[in-house]
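Visitor: Residue numbering for the sequence shown follows the numbering used here, beginning at 281 and increasing consecutively.
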Amino acid sequence: MTPSDITLGILAGGRASRLGGIDKAWLERDGVAQVVRWHRRFAGETASVLVSANRNLDRYAPLGMRAVPDRAGTDLGPLAGLDALAIACATPWLVTIPVDLVGVNECLLPTLVAMTGDNGAFAVDDDGPQPLVALWRVVALRDAVEQAIAAREMAVHALQATLGMAAVRFDGVRFGNLNTPGDLTAAGIGSDTP
281 MTPSDITLGI LAGGRASRLG GIDKAWLERD GVAQVVRWHR RFAGETASVL
331 VSANRNLDRY APLGMRAVPD RAGTDLGPLA GLDALAIACA TPWLVTIPVD
381 LVGVNECLLP TLVAMTGDNG AFAVDDDGPQ PLVALWRVVA LRDAVEQAIA
431 AREMAVHALQ ATLGMAAVRF DGVRFGNLNT PGDLTAAGIG SDTP
């Protein structure tokens, strides 16, 4: 598997209700928006970037990213984003990360590639399974996520179990996330962030 086989899919379509509804894609840390941070981080490891987003769609294209809104309804959580990314993805593999991650280690994608099963792999950090930090075989994901949505089975871990995806342990790693005001403070993001 080479970078030309993989698309980066950034999940940024959530409502951020615990943060007053801000668009977490554009939260800035050290002057860099989260979505731009992840685009840059994976630029040499992937062929293109898709962003699952439901607002501010016009902001992505000038930065070399394609925004894809949910097509399956906004009450479906991450599955709607996975569905949108899978439909839009033009490569055989899709690596996904939530836009609100605090950090990832340098070996994330190479390790997922090396340890992937037939249909992909997901990360397990020191906080436990991280089902949205995952490498997916796109053909399998398209079918499985469509069936899960039709059955209203919303758990990403259940989708991954159906696909037989490998769990890949990253010892000593904690990706973290930006879900609460306390998380923002811990990551050095000021209260004046839009």
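The beta carbon of each residue, even a glycine, is placed where N, CA and C say it ideally should be.
1. Between the Cα of Arg449 and those of Leu388, Val425 and Asn457, spot the shortest distance and give me the residue it belongs to.
2. So is the beta-carbon of Val329 under 8 Å away from any non-hydrogen atom of the ligand ZN?
3. What number of angstroms, rounded off, separates the C-alpha of Val316 from the C-alpha of Ala431?
4. Compute the Euclidean distance between the alpha carbons of Ala401 and Asp310, then round it to the nearest angstrom.
5. Determine the contact status of Thr376 and Leu291, defining contact as a CB-CB distance below 9 Å.
6. Determine the burial state of Ala370: buried for a count of at least 16 other Cβ atoms within 10 Å of its Cβ, exposed for fewer.
7. Given this structure, state the Cα-to-Cα distance separating Asn457 from Leu365, to the nearest angstrom.
8. Could you tell me the distance, in whole angstroms, from the CA atom of Asp405 to the CA atom of Ala446?
9. From the DSSP output, which residues share a beta bridge with Asn336?
10. Across the segment 332-344 and the segment 413-424, are there enough close Cβ pairs to call them in contact, namely three or more that are closer than 8 Å?
11. List the residues that DSSP assigns as beta-bridge partners of Val329.
12. Cutting at 8 Å between CB atoms, please list the residues of its own chain near Pro283, excluding the five before and the five after it.
13. Ends of the alpha helix (DSSP H) at Asp363?
14. Nearest by alpha-carbon distance to Leu359: which of Gly452, Ile429, Gln440 and Arg346 is it?
15. State buried or exposed for Asp532, treating a residue as buried only when at least 16 other CB atoms are found within 10 Å of its CB.
16. Can you name, in chain order, every residue of its own chain whose Cβ lies under 7 Å from the Cβ of Met434, other than the five neighbours on each side?
17. Are Val312 and Ser332 closer than 9 Å when you measure CB to CB?
18. With distances taken between CB atoms, is the gap from Leu374 to Leu288 smaller than 9 Å?
19. Have a look at Gln410, Val436 and Trp416 and flag the residue whose alpha-carbon is nearest the alpha-carbon of Val453.
Guide: For this structure:
1. Leu388
2. Absence of the ligand ZN from the depicted structure is noted, as is the absence of any ligand whatsoever, leaving it without description.
3. Rounded to whole angstroms, Val316 to Ala431 spans 35 Å at the Cα level.
4. 31 Å
5. yes
6. exposed
7. 21 Å
8. 14 Å
9. Paired residues: none, contrary to the question.
10. no
11. DSSP, once it has assigned bridges, lists Leu288 as partnering Val329.
12. Gly324, Glu325, Thr326 and Ala327
13. Pro358 to Ala368
14. When C-alpha distances from Leu359 are compared across Gly452, Ile429, Gln440 and Arg346, the shortest belongs to Ile429.
15. For the chain, the structure presents residues 281 to 474; residue 532 sits outside this window and is missing.
16. Leu356, Gly357 and Leu359
17. no
18. yes
19. Gln410
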